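Trainee: In the numbering used here, the protein residues as written are 22 to 142.
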Amino acid sequence: MEETISHAKITIVLSLILATLLSPPTTAYSNGGYGADPSNPDYGTHDWIAQHALDWLPDNEKRYILDNLHDYLYGTELPDNGGAPDGIGDNFNHHVYHHSSGVLQASPSKMAHNSGPEPTP
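Put into structure tokens, the structure is as follows:
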């Protein structure tokens with residue numbers, strides 16, 4: 022009985038290790054890579070969100086964006102892509118923290134443009 026349990030444990034551990042090693046790398050929230058061609062951008066999470074945001078617009082207001090959809094989707098990667106000619110590359114600055122009172126605690130834009138002492142929370 023004990024030997025069977027040991028074999029079962031070893032099998033489970035080896036199966037988990039194998040599954041971990043064979044699993045492709047994943048990212049919870051990314052843009053799916055950077056497009057080399059603005060007319061055919063890679064599709065990722067940012068693009069999915071941007072495209073579904075269009076569902077909230079009336080047809081007459083989203084017509085221009087739909088006519089220029091490739092540029093619209095390419096634009097979703099520009100804040101992250103410092104390698105693009107018109108990219109920003111600020112993906113390490115995508116955070117804003119607030120104290121429980123609601124006062125801004127930390128934000129890259131606040132740090133860059135701090136005009137005075139921080140208010141006490």
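Even for Gly, the Cβ is constructed at its ideal location relative to N, Cα and C.
Note that the coordinates shown come from a computational prediction; the quantities given were computed from them, not determined experimentally.
Does the Cβ-Cβ distance between K83 and L94 come in under 7 Å?
Mentor: In the sequence shown, residue 83 corresponds to position 62, counting from 1. In the sequence shown, residue 94 corresponds to position 73, counting from 1. The answer is no: Cβ separation not under 7 Å.
Trainee: Please state whether DSSP places A133 in a helix, a strand or coil.
Mentor: Here residue 133 refers to the residue found at position 112 when the sequence shown is read from its first residue. Since pLDDT at A133 reaches only 49, below the 50 mark, its modelled position is unreliable, and the value read off the structure follows with that caveat. If DSSP states are grouped into helix, strand and coil, A133 belongs with the helices.
Trainee: Is it true that the stretch 62-78 meets the stretch 25-37, where meeting means three or more beta-carbon pairs spaced less than 8 Å apart?
Mentor: Cβ pair count under 8 Å is below three, so no.
Trainee: Where L78 and G104 are concerned, what is the direct C-alpha to C-alpha distance, given to the nearest angstrom?
Mentor: The sequence position of residue 78 within the sequence shown is 57, counting from 1. The sequence position of residue 104 within the sequence shown is 83, counting from 1. Roughly 32 Å separates the two Cα atoms.
Trainee: Can you give the Cα-Cα distance for D58 and L39, rounded to whole angstroms?
Mentor: Looking up residue 58 in the sequence shown gives position 37. Looking up residue 39 in the sequence shown gives position 18. Computed Cα separation, rounded: 37 Å.
Trainee: Can you give me the C-alpha to C-alpha distance between I86 and D111, rounded to a whole angstrom?
Mentor: As a position in the sequence shown, residue 86 is number 65, starting the count at 1. As a position in the sequence shown, residue 111 is number 90, starting the count at 1. Roughly 25 Å separates the two Cα atoms.
Trainee: Looking only at its own chain, which residues have a Cβ that is under 7 Å from the Cβ of N135, when we skip the five neighbours before and after it?
Mentor: What you label residue 135 is simply residue 114 of the sequence shown in a count that begins at 1. A caution first: N135 carries a pLDDT of 49, below 50, which makes its placement in the model too unreliable to give a value.
Trainee: Check the DSSP bridge columns for H73 and list the partner residues they point to.
Mentor: As a working mapping, residue 73 is identified with position 52 in the sequence shown. According to DSSP, which records beta bridges pairwise, H73 is partnered with nothing at all.
Trainee: For the ligand MN, any of its heavy atoms closer than 6 Å to the Cβ of A74?
Mentor: By its list of ligands, the structure shown contains no ligand whatsoever, and the ligand MN lies outside what it can speak to.
Trainee: Leaving out the 5 sequence neighbours to the left and right, which residues in its chain are closer than 7 Å to A71 when beta-carbon positions are compared?
Mentor: The sequence position of residue 71 within the sequence shown is 50, counting from 1. Y93, L94 and T97.
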